[in-house]
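Here the structure is laid out as structure tokens; the discussion comes afterwards.
In my numbering, the protein residues as written are 7 to 301.
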């Protein structure tokens with residue numbers, strides 16, 4: 007079934023609607039606390055990925071056969087988790103991936119998917135549709151590193167980060183509105199103690215065994231890389247022991263999975279993340295050859 011970047015569409019048990027803003031209740035107490043898990047997945051492979059061509063925002067491609075297999079493998083890997091909220095880029099490759107993941111899930115097949123353009127890939131302007139090597143040549147000619155270079159008509163890294171920060175604000179408000187009412191605390195509460203370090207056993211449920219609220223995001227490689235850098239560098243996310251920074255900031259593979267535990271506090275100025283814990287980055291256990299051959 008083809009996904010569309012516009013309009014409202016549904017598949018069996020799942021509705022997709024655009025994120026056009028929300029109404030929030032002014033009577034929520036300022037000391038509401040909530041911890042939730044955030045799992046971020048990159049979309050599956052497209053033919054453009056295979057051919058090493060830039061897609062960006064202007065080229066809205068479908069998954070390749072391999073991309074379908076990768077998404078199914080990710081869905082099988084995550085099948086026992088319960089996603090209370092699902093957010094997806096409105097580009098087809100991300101929507102398809104999210105649909106396949108939820109279609110393989112035992113507990114979230116009826117969870118609504120909210121299509122949000124804030125989660126779209128970084129725009130690469132005139133470089134879209136061209137080989138990645140062409141972007142490198144343009145960056146070299148401008149005397150810049152490829153990652154930092156912005157092609158004419160493209161988005162700067164700062165603009166992408168601004169999009170993610172806007173999405174986070176909306177996400178925090180939504181999570182507190184929907185899930186925070188049962189965990190209110192009085193204004194005299196001194197605040198929560200720092201959450202315990204999650205147990206990481208290399209399993210799909212790492213970090214979420216005791217976290218009932220769990221949001222899934224399906225987005226894109228360059229966008230995810232900027233998002234992770236913001237969480238780690240700007241929001242001072244706590245990293246697992248032994249995780250190398252080269253892995254933290256490495257490119258996310260197709261259907262690579264990252265997970266964070268975020269503790270929110272509602273303050274007078276609005277929701278704030280009082281603590282962010284990274285559980286893992288760019289995990290790809292589900293892409294093991296033996297698993298892919300079974301799909």
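Where a beta carbon is used, it is the ideal one built from N, C-alpha and C, also for glycine.
Exposure of residue i, with buried meaning 16 or more beta-carbon neighbours within 10 Å
i: residue 143; result: exposed
i: residue 209; result: exposed
i: residue 165; result: exposed
i: residue 304; result: In this structure the chain extends from 7 to 301, so residue 304 is not present and cannot be described.
i: residue 48; result: buried
i: residue 262; result: buried
i: residue 112; result: exposed
i: residue 273; result: exposed
i: residue 66; result: buried
i: residue 153; result: exposed
i: residue 294; result: exposed
i: residue 184; result: exposed
i: residue 177; result: buried
i: residue 265; result: buried
i: residue 249; result: exposed
i: residue 105; result: buried
i: residue 213; result: buried
i: residue 159; result: exposed
i: residue 247; result: exposed
DSSP three-state assignment for residue i, whether helix, strand or coil
i: residue 288; result: strand
i: residue 205; result: coil
i: residue 246; result: coil
i: residue 44; result: strand
i: residue 303; result: The structure shown has nothing for residue 303, since the chain only spans 7 to 301.
i: residue 269; result: strand
i: residue 185; result: helix
i: residue 228; result: helix
i: residue 145; result: helix
i: residue 216; result: coil
i: residue 175; result: helix
i: residue 52; result: strand
i: residue 150; result: coil
i: residue 275; result: coil
i: residue 283; result: strand
i: residue 222; result: strand
i: residue 59; result: strand
Proximal residues to residue i (C-beta, below 6 angstroms), its chain only, five neighbours per side dropped
i: residue 223; result: 46 and 93
i: residue 244; result: 283
i: residue 53; result: 70
Selected residue, minimal CA-CA separation from residue i, among the options
i: residue 312; options: 268, 206, 232 and 237; result: No information on residue 312 is available, as it lies outside the stretch 7 to 301 that the chain covers here.
i: residue 39; options: 287, 279 and 291; result: 279
i: residue 180; options: 285, 291 and 120; result: 120
i: residue 172; options: 218, 125 and 136; result: 125
i: residue 3; options: 101, 95, 235 and 129; result: Not covered by the structure: residue 3. The range shown for the chain is 7 to 301.
i: residue 76; options: 146, 168, 102 and 129; result: 102
i: residue 225; options: 60, 128, 41 and 89; result: 128
i: residue 59; options: 109, 139 and 87; result: 139
i: residue 255; options: 134, 131 and 227; result: 227
i: residue 291; options: 146, 176, 43 and 84; result: 84
i: residue 217; options: 230, 62 and 203; result: 203
i: residue 157; options: 132, 174 and 149; result: 132
i: residue 276; options: 212, 239, 182 and 214; result: 182
i: residue 100; options: 43, 268 and 260; result: 260
Sequence-distant residues of the same chain with beta carbon closer than 8 angstroms to residue i, five excluded per side
i: residue 56; result: 70 and 72
i: residue 232; result: 128, 163, 166, 167 and 170
i: residue 89; result: 45, 108, 111, 113, 114, 117, 220, 221 and 222
i: residue 242; result: 282
i: residue 148; result: 155
Cβ shell of residue i (< 7 angstroms), same chain only, five flanking positions each side left out
i: residue 151; result: 145
i: residue 62; result: 127, 128, 129, 130 and 134
> At which residue ranges does the region 64 to 136 contain complete beta strand (DSSP E) runs of 3 or more residues, listed in the order of the chain?
Replying inline: 91 to 94 and 119 to 121
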